[in-house]
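First residue of the sequence shown: 57, per this note's numbering; consecutive thereafter.
Using N, Cα and C, we set each Cβ at its ideal position, and we do this for glycine too.
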Amino acid sequence: MRRLLLALGALLALAACGPHADGDAVLRVGSQRGGTKAVMIASGALEGAPYTVEWSEFPAAQHLLEAIGGGAVDVGLVGDAPFMFAYQSGSRIRAVGAQFVRERPREALALVVPAASPARSLADMKGRTIATTRGSIGHYLVIRALVAAGLPADYVKFAFLPPGDAKAAFSSGSLDGWAIWTPYLPAALREGAHVIVDGHDLVSGYGFEVANDTAIADKRALLADFLKREAKGLAWARANPDAYAAVLAKETGLPADIARDYAVKNRRVAVPIDDAVIADQRRVLDDFRNAGAVEGKRDLAAAFDRTLTADRVAAN
């Protein structure tokens, strides 16, 4: 499976979006659907970069992290939960940048049920099957919601599927619930699904630019420059949601209204990796461990490289 995922990532690789650099330096950046690539293209943040960016696109963080850990991609943005999950599984990766959504919106991350479902709360889902990607922010949402409700980790069953397969199964009525995020969530709501758990007050909203150890050692200057440019791209996207949405729709094929919904809700800002960020991630890791989803005992502090983000935020 791992080889297949890496092969798929390689097939999706695209030559640099934006001007090619005069030199031979290349930074291989992974992006989830509607993620970093759309921001950087829309904002023009890579104009004049002294290196070429080669993009690879992935359907979910799990697949992107597989590619980073396997060396097929240098760096990519993922949510905190999948990063913690992959790091504790032994992947040779570290976070080199952090992002945060300060005003977490509703209906950006949620557990939804089909329109005909009688369930109206998590308590109604006992023994039911919920689809999500293993180690994803959706997986973590359900674990965190169970903790908040005082329910045991085995109260529900999981079907671990990538978003495309989960969507098909959910639409066919073969699943009881789906823990999903934008841009997939708005499409599910449009088809009649309703929210029984909203993640806006349950998860912190952190995301991390994650790189493998080889890239951190060999492409440090490129990573530092990319992170600075990305911070500027995020600022542009926050200030220009309509223009961002137009590029997002073109890049992803999303309907214009869903692309705009995503652009308005996805108001990420670059932040330094500090003690507060790491403390928050300890809670995420503890929740995974207490649920029996993670067994790794790697040092949490070693998962973060703080030096690159200090440079980036200072320059933003």
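Check, Outcome
"With distances taken Cα to Cα, identify the nearest neighbour of R200 among A305, G309, S260 and L241.", "S260"
"Considering Cα atoms alone, identify which of Y240, K213 and L207 is closest to G220.", "Y240"
"Is the Cβ-Cβ distance between L283 and V168 less than 9 Å?", "no"
"Closer than 8 Å by C-beta to A69: which residues in its own chain qualify, once you throw out the five before and the five after it? Chain order, please.", "With a pLDDT of 38 at A69, under the threshold of 50, the modelled position of that residue is not reliable, and the figure given next carries that caveat. R84, E110, W111 and S112."
"Closer than 6 Å by C-beta to F382: which residues in its own chain qualify, once you throw out the five before and the five after it? Chain order, please.", "One cannot answer for residue 382 here, as it falls past the ends of the chain, which runs 57 to 372."
"Helix, strand or coil for R362 per DSSP?", "helix"
"Are the beta-carbon atoms of D355 and A267 separated by less than 9 Å?", "no"
"Candidates V253, S173 and R324: which alpha carbon is nearest A38's?", "In the structure displayed, the chain extends from 57 to 372; residue 38 sits before or after that span and is not available."
"Taking the straight line between their C-alpha atoms, what separation do you get for V340 and A117?", "16 Å"
"From the DSSP secondary-structure annotation, give me the bridge partner or partners of S112.", "G86"
"Tell me whether N322 sits in a helix, a strand or coil according to DSSP, three-state version.", "coil"
"Are three or more beta carbon pairs between the region 159–177 and the region 186–206 nearer than 8 Å?", "yes"
"On the premise that D298 lies in contact with R316, defined as a C-beta separation below 8 Å, what is that separation, rounded to the nearest angstrom?", "7 Å"
"Rounded to whole angstroms, what is the Cα-Cα separation between A222 and A128?", "26 Å"
"Would you list the one or two residues that DSSP bridges to I149?", "N268"
"With A319 and A357 assumed to form a contact (beta carbons below 8 Å), what rounded beta-carbon distance in angstroms separates them?", "That pair is no contact at about 34 Å."
"Determine the direct distance from the alpha carbon of V303 to that of P106, and round the result to whole angstroms.", "24 Å"
"Can you pull the DSSP bridge partners for T185?", "K213"
"On the CB-based measure, 16 or more other CB atoms within 10 Å of its CB, does G289 come out buried or exposed?", "buried"
"The beta strand (DSSP E) with L133 in it runs from where to where?", "V131 to G135"
"Taking the alpha-carbon positions, what's the A98 to A244 distance?", "26 Å"
"Roughly how many angstroms lie between the CA atoms of A209 and R150, to the nearest whole one?", "28 Å"
"I252 and S177 - do their beta-carbons sit closer together than 9 Å?", "yes"
"Rounded to a whole number of angstroms, what is the C-alpha to C-alpha distance between P311 and G248?", "17 Å"
"Between L258 and A187, which are expected to be in contact by the criterion C-beta below 8 Å, what is the C-beta distance as a whole number of angstroms?", "Between A187 and L258 the Cβ distance is about 18 Å, and since that is not below 8 Å, they are no contact."
"Using a beta-carbon distance below 9 Å, is V198 in contact with chain C?", "The structure shown has no chain C; it contains just one protein chain."
"Would you please state the rounded distance, in angstroms, between the beta carbons of A376 and L278? I believe it to be under 8 Å.", "Because the chain is modelled from 57 through 372, residue 376 falls outside the range shown and cannot be assessed."
"Is the separation between the beta-carbon of T92 and that of L133 shorter than 9 Å?", "yes"
"Please determine, among G104, G135 and E103, the residue with the shortest C-alpha to C-alpha distance to S373.", "With the chain covering only 57 through 372, there is no way to say anything about residue 373."
"Answer yes or no: do G90 and T308 have a C-beta to C-beta separation smaller than 9 Å?", "yes"
"Please state the DSSP three-state secondary structure of D331.", "helix"
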